[in-house]
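These protein sequence lines map, in sequence, to chains F and C.
Here the numbering used here is used: the first residue of the first sequence is 107, the next is one more, and so on.
Here the numbering used here is used: the first residue of the second sequence is -7, the next is one more, and so on.
By construction, the Cβ of each residue, glycine as well, lies at the ideal position given by its N, Cα and C atoms.
Fair warning: this is a prediction, and the values are worked out from it, not measured in the lab.
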Amino acid sequence: GAGVSQSPRYKVAKRGQDVALRCDPISGHVSLFWYQQALGQGPEFLTYFQNEAQLDKSGLPSDRFFAERPEGSVSTLKIQRTQQEDSAVYLCASSRTGPYGYTFGSGTRLTVV
Amino acid sequence: RKEVEQDPGPFNVPEGATVAFNCTYSNSASQSFFWYRQDCRKEPKLLMSVYSSGNEDGRFTAQLNRASQYISLLIRDSKLSDSATYLCVVSETTSGTYKYIFGTGTRLKVLA
Chain F
107 GAGVSQSPRY KVAKRGQDVA LRCDPISGHV SLFWYQQALG QGPEFLTYFQ
157 NEAQLDKSGL PSDRFFAERP EGSVSTLKIQ RTQQEDSAVY LCASSRTGPY
207 GYTFGSGTRL TVV
Chain C
-7 RKEVEQDPGP FNVPEGATVA FNCTYSNSAS QSFFWYRQDC RKEPKLLMSV
43 YSSGNEDGRF TAQLNRASQY ISLLIRDSKL SDSATYLCVV SETTSGTYKY
93 IFGTGTRLKV LA
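The structure is reproduced here in structure tokens:
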């Protein structure tokens, strides 16, 4: 597609509920990144995929967070047993390779109530 | 201490003013440097890359000082449309990952 597509745009979850956030990267982009952006903060790195391989998951805040990209294209970020502190915008970015040409999706705004 | 530090602002400046933002980073091994712009409730978008020799794009000038681990952005002749948050970004390589580390962002409001 023309850009990085994320869905849903908005998600309201009750505390304790599981959520799944989807990212469709730009076709042909090898690298895919997930970031978490809390209100008034810059994006914080969560995890990185190169094709289907998850090469870095050092930013995932707890074992409730899980990401996958099984066929090297679409990626899903799953959060189990959501907590209020998980409320944030979750941004996905993709790039062809290397550090240049990061394109971000519009993000998913998660609110845990 | 955060890896990338910026003054969060807000900077309120009149139209036509010149405004400068600064950023410091802690990892001397950082390899690439960028300024991103983020409008309210939108995703970050690349404004410009930053090179040691300094680079200019219209009204915007970016500078990198590797010795001091310091990055700057200068905006001349500010427009109302420049109102946004400006994110300082450094790229680091760890185990083959080119990871972007973002600052908190500096809010700019240009006033009519």
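Same chain, Cβ closer than 6 Å to residue i, neighbours up to 5 away in sequence not counted
i: residue 14 of chain C; result: 64
i: residue 99 of chain C; result: 1, 2, 77
i: residue 184 of chain F; result: 126, 172
i: residue 94 of chain C; result: 79, 81
i: residue 25 of chain C; result: 42, 56, 63, 82
i: residue 92 of chain C; result: 81, 83
i: residue 37 of chain C; result: 29
i: residue 101 of chain C; result: 2, 4, 75
Backbone secondary structure at residue i - three-state DSSP
i: residue 44 of chain C; result: coil
i: residue 127 of chain F; result: strand
i: residue 192 of chain F; result: helix
i: residue 72 of chain C; result: helix
i: residue 202 of chain F; result: coil
i: residue 33 of chain C; result: coil
i: residue 81 of chain C; result: strand
i: residue -1 of chain C; result: coil
i: residue 49 of chain C; result: strand
i: residue 54 of chain C; result: strand
i: residue 176 of chain F; result: coil
i: residue 162 of chain F; result: strand
i: residue 150 of chain F; result: strand
i: residue 120 of chain F; result: coil
i: residue 91 of chain C; result: strand
i: residue 63 of chain C; result: strand
i: residue 21 of chain C; result: coil
Chain C within 8 Å of residue i, Cβ atoms only
i: residue 116 of chain F; result: no
i: residue 162 of chain F; result: yes
i: residue 134 of chain F; result: no
8 Å Cβ cutoff, residue i in contact with chain F
i: residue 16 of chain C; result: no
i: residue 91 of chain C; result: yes
i: residue 95 of chain C; result: yes
i: residue 10 of chain C; result: no
i: residue 86 of chain C; result: yes
Listed by chain order, chain F residues near residue i by CB distance under 8 Å
i: residue 36 of chain C; result: 149, 197, 210
Beta-carbon proximity list for residue i, same chain, < 7 Å, skipping 5 on both sides
i: residue 69 of chain C; result: 8, 51
i: residue 176 of chain F; result: 158
i: residue 190 of chain F; result: 121, 218
i: residue 111 of chain F; result: 130, 211
i: residue 192 of chain F; result: 185, 216, 218
i: residue 197 of chain F; result: 141, 143, 149, 210, 211, 213
i: residue 58 of chain C; result: 44
i: residue 118 of chain F; result: 217, 219
Beta-carbon proximity list for residue i, same chain, < 8 Å, skipping 5 on both sides
i: residue 124 of chain F; result: 184, 185, 186, 187, 188
Residue i: contacting residues in chain C (beta-carbon distance under 8 Å)
i: residue 213 of chain F; result: 35
Partners in chain F for residue i, counting only beta-carbon separations shorter than 9 Å
i: residue 79 of chain C; result: 148, 149
heavy atom of the ligand FMN below 7 Å from residue i C-beta
i: residue 192 of chain F; result: As presented, the structure is devoid of all ligands, the ligand FMN included, so that no description of it is given.
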